[in-house]
Amino acid sequence: MATHKNPFVGEDPFKKDRDLIYLHIGFTKKITWGYQYFMVAVLLALLVTSVLNKWLRRPNHNHKPHHWIQRLWHRQPTLPFLRNQFSSNGVFFNITIFYVINTFVLFYKLPWNDQFNFALRAGLVSSSNIPLLYLIPLKSGPLLHLFEVSYETIIIYHKWVGILVVMTAVLHGLAFFLMLTWDYCLSSPKMLTGYFCLFVFLAISVSSVKFMRTRFYEMFYYIHLCSFILFLPVFFKHHYVCKTFVVIVAGFLVYDRLIRYIWYLWCLNCTVKVTRNSKYMVVSIDPRSSSLSKTQRVIAKLLLKNKKDFRWRPSNHLFITIPSISAFQSHPFTIASLPSDESCQLIIKVHNGFTRKLCERVQHGEQSFTCFINGPYGTSNSQLPTDESILGQVQDSAVHESSPLIKKVLYTTVERTSNSLSSIESFNPKEKIILVSGGVGISLTLPLLKHYENSEDFETSLIWITRSEELIPLIDLDITKSNITVWNSTEKGPADLEQLLYDYMEETYQTVHIIGCGPSSLMSSLRSFAVEKMKTNRVNMVLEEFSF
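Position 90 (the sequence shown) corresponds to 90 in full-length UniProt numbering; numbering is contiguous.
Set out below in structure tokens:
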């Protein structure tokens, strides 16, 4: 057997089979670097698919897509485990294809007894996905804008890319640990830096579990922040191959931070009100630069926001930091008001940590605070219906004045059969919008209700399922209107969501928009209802599940 060059210069760390170990190194490196170009092709294919998908989902009475394919794509997986992890079969299919590609690269032409090259490939597959892991959640990055999906949806992909990175990193470390000498494992810089990277991965994984993330958000936040700072330089020193990936990630981060600083970082005033039961707060942010103090105006100038007013769109979210509560914590919240309102409102449920400290400060008499806003973010408004009758009235309130407030609707189009199309005049000419929220999910649906309820093109209804009505006096919501249902589950028990939905669909509508925000169980029920309605209607779903 031919002898190949030892890649560990000046070292001989292997316990046995040295010639076999180096046999396929060149081939492994070749196909792995080819894999990088393949991933670029995958991203381009996703972009093309996204463009085609948007074009096909537009309403077209002459186009008759296959009903069962549409329903299958948007339905949640049947198996309980998959149902809890994936919002739809379409997301599950995309993740499965991604894993199949990576598994193919990991095992392609790999001899069953070549442990070294398995370890090398596992490390390279893990490393090559780290740029994608960083790129996906960047709020100023290109993926959100290219695919026009919500931040909640794209975070699902971030989660599963992260799982792949961690699994292959564990395989990489375990395989090397079993084949290298103890002295090398305990003293080599490559191994020590590898241990650190693996520890960071495992810490992030544990803190990202839903229970840990929701109950101990501060711990989740600080682990991510420390990992963000410490991981890249250590990973850079791990191996020369890693340097390229670190440079790519650094480029992404510099671009993202620069865009955030120029466009999305604000210094503003806010006031806070607390409900009587101390379970909820309403934060009102003053968007006017004229309300700033002299010190705040100096900060605004440094942030390149001199004499600029804060603007947002319906369904946008932001990150808020209140230095007097915590200078380093930044928390995400959906904006619960319209751009035309006097203030930018946030509806917050009080948990432990930051929100509890803020609530206690307000209860002790302090109501006004200086806050730093990072935002607004969000592109899910591209899936909301366009209201031509009021669009011109709100364009000036958009973040970019040259852009419409809400883009053309992206329909999940299911055309009616030829027989039912002949009787289309029996349908209500207006489109139906049903807004459904659970708890503080009212943050998304409340501004949309205000936006659409006076429209000539839509009939809008709101269903709000909540455990407490303490929030109602603090928000602008007239619950006496016939198109609004507030279901107090503490007093009335669990809501029959399907019946509540059908109560607002006594007439037959050709197009139905189902827009919801709330816990996963509520969003799952809404998705099932929408998929069922696809048999007879054009259905547009905009569903946002709680992540924190």
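Don't be surprised by glycine CBs; every beta carbon is placed ideally from N, CA and C.
State the Cα-Cα distance for the pair LEU318 and LEU346, rounded to the nearest angstrom.
-> Along the sequence shown, read from residue 1 onward, the residue named residue 318 stands at position 318. Along the sequence shown, read from residue 1 onward, the residue named residue 346 stands at position 346. Each residue's CA atom was taken as its position, placing LEU318 and LEU346 some 9 Å apart.
Leaving aside the five residues before and after LYS237 along the sequence, list all residues of the same chain whose C-beta is less than 8 Å from its C-beta, in chain order.
-> Mapped onto the sequence shown, residue 237 falls at position 237. PRO189, THR193, listed in sequence order.
Let me know the alpha helix (DSSP H) ranges lying completely inside the region 437 to 479, each 4 residues or longer, listed in chain order.
-> The qualifying runs are 442 to 452.
Among all the DSSP beta bridges, which residues are the ones paired with LYS349?
-> Locating residue 349 in the sequence shown gives position 349, counting from the first residue. In the DSSP output, where bridge partners are listed per residue, LYS349 has TYR280.
Would you be able to state if there are at least three C-beta pairs under 8 Å between the region 355 to 373 and the region 261 to 276?
-> Yes, the region 261 to 276 is in contact with the region 355 to 373.
If we count the other Cβ atoms within 10 Å of its Cβ and call it buried at 16 or more, is ALA327 buried or exposed?
-> Here residue 327 corresponds to residue number 327 of the sequence shown, with the count starting at 1. Around the beta-carbon of ALA327, fewer than 16 other beta-carbon atoms lie within 10 Å, marking it exposed.
How many whole angstroms separate the CB atoms of SER437 and GLY518, which I take to be in contact at a CB cut-off of 8 Å?
-> Reading the sequence shown from its first residue, position 437 is the one you call residue 437. Reading the sequence shown from its first residue, position 518 is the one you call residue 518. Right, their Cβ atoms sit about 6 Å apart.
Would you kindly check if the distance between the Cβ of LYS432 and the Cβ of GLU470 is under 7 Å?
-> Translated into the one-based positions of the sequence shown, residue 470 becomes position 470. Translated into the one-based positions of the sequence shown, residue 432 becomes position 432. Not closer than 7 Å, so no.
Rounded to a whole number of angstroms, what is the C-alpha to C-alpha distance between LYS308 and SER289?
-> Against the sequence shown, residue 308 aligns to sequence position 308. Against the sequence shown, residue 289 aligns to sequence position 289. Using only the alpha carbons, I get a separation of about 6 Å.
Under 6 Å Cβ to Cβ from ASN316, same chain only, skipping five residues before and after it: list those, please.
-> Within the sequence shown, the letter at position 316 stands for residue 316. Sequence-distant partners of ASN316 (beyond 5 residues in either direction) whose C-beta falls short of 6 Å from its own C-beta, in its chain, are ILE335, PRO376, GLY378.
Residues sharing a beta bridge with HIS331, DSSP = Along the sequence shown, read from residue 1 onward, the residue named residue 331 stands at position 331. DSSP, once it has assigned bridges, lists ILE320 as partnering HIS331.
Helix, strand or coil at PHE104 according to DSSP, with G and I counted as helix | Mapped onto the sequence shown, residue 104 falls at position 104. PHE104: helix per DSSP, three-state reduction.
Limits of the unbroken alpha helix (DSSP H) element including SER524 = As a working note, residue 524 is residue 524 in the sequence shown. For SER524, the enclosing alpha helix (DSSP H) stretches over residues 520 to 533.
If you drop the 5 nearest sequence neighbours on each side, which residues of the same chain put their C-beta closer than 8 Å to that of residue 582?
-> Lying before the first or after the last residue shown, residue 582 is absent from the chain, which here runs from 1 to 548.
Given 8 Å as the limit, is there contact between the region 159 to 171 and the region 116 to 135, that is, 3 or more CB pairs closer than that?
-> Two segments are said to touch when three or more pairs of C-beta atoms, one from each, lie closer than 8 Å; by this definition the region 159 to 171 touches the region 116 to 135.
When PHE546, MET212, LEU526 are compared against ARG75, the one with the closest alpha-carbon = Position 75 of the sequence shown, counting from 1, holds the residue named residue 75. Nearest C-alpha to ARG75: LEU526.
Quick one: what does DSSP say LEU304 is sitting in, helix, strand or coil?
-> Sequence index remark: in the sequence shown, residue 304 carries index 304 (1-based). Coil, per DSSP.
Same chain, Cβ closer than 7 Å to MET505, neighbours up to 5 away in sequence not counted | Within the sequence shown, residue 505 is the residue found at index 505, counting from 1. Here MET505 has LYS432 as same chain residues with Cβ atoms under 7 Å from its own Cβ, once five neighbours each way along the sequence are excluded.
Whose C-beta lies closer than 6 Å to the C-beta of SER368 among residues of the same chain, with five residues either side of it excluded?
-> As a working note, residue 368 is residue 368 in the sequence shown. So the qualifying residues of the chain are THR271.
LEU462: which of GLY365, GLU456, SER482, CYS197 sits nearest, CA to CA?
-> Residue numbering aside, residue 462 sits at position 462 when the sequence shown is read from its first letter. Checking every option, the nearest Cα to that of LEU462 belongs to SER482.
Locate the alpha helix (DSSP H) running through LEU497, then write down its first and last residues.
-> Residue numbering aside, residue 497 sits at position 497 when the sequence shown is read from its first letter. Unbroken alpha helix (DSSP H) run through LEU497: 497 to 503.
Span of the beta strand (DSSP E) around GLU545 | Position 545 of the sequence shown, counted from the start, is the residue given in the question as residue 545. For GLU545, the uninterrupted beta strand (DSSP E) run begins and ends at 538 to 545, by DSSP.
Would you mind giving the Cβ-Cβ distance between VAL254 and LEU232, rounded to the nearest angstrom? I have them listed as a contact below 8 Å.
-> Numbered from its first residue, the sequence shown carries residue 254 at position 254. Numbered from its first residue, the sequence shown carries residue 232 at position 232. Contact between VAL254 and LEU232 does not hold, since their C-beta atoms are separated by about 12 Å, which reaches or exceeds 8 Å.
Within 10 angstroms of its Cβ, does ASN352 collect 16 or more other Cβ (buried), or is it exposed?
-> Residue mapping note: residue 352 aligns to position 352 of the sequence shown, counting from 1. ASN352 should be labelled exposed.
So what does DSSP say about LYS481, is it helix, strand or coil?
-> As a working note, residue 481 is residue 481 in the sequence shown. Taken through DSSP and simplified to helix, strand or coil, LYS481 comes out as coil.
Any C-beta of chain C under 7 Å from that of SER368 | Of the protein chains in the structure, only one exists, and it is not chain C.
In chain order, what residues of the same chain have a beta carbon less than 7 Å from the beta carbon of SER208, not counting five sequence neighbours either side?
-> Translated into the one-based positions of the sequence shown, residue 208 becomes position 208. Sequence-distant Cβ neighbours of SER208 in its own chain, meaning closer than 7 Å and more than five residues away, are PHE220.
Collapsed DSSP secondary structure at VAL486 in the structure displayed | Against the sequence shown, residue 486 aligns to sequence position 486. In this structure, DSSP gives VAL486 an extended state, which the three-state scheme calls strand.
Which first and last residues belong to the beta strand (DSSP E) in which TRP266 is found?
-> In the sequence shown, residue 266 corresponds to position 266, counting from 1. In the DSSP assignment, TRP266 falls within the unbroken beta strand (DSSP E) covering 265 to 274.
For VAL531, count neighbouring Cβ atoms within 10 angstroms of its own Cβ and tell me buried if that reaches 16, exposed if not.
-> Walking along the sequence shown from the start, residue 531 turns up at place 531. Around the beta carbon of VAL531, 16 or more other beta carbons sit within 10 angstroms, so the residue counts as buried.
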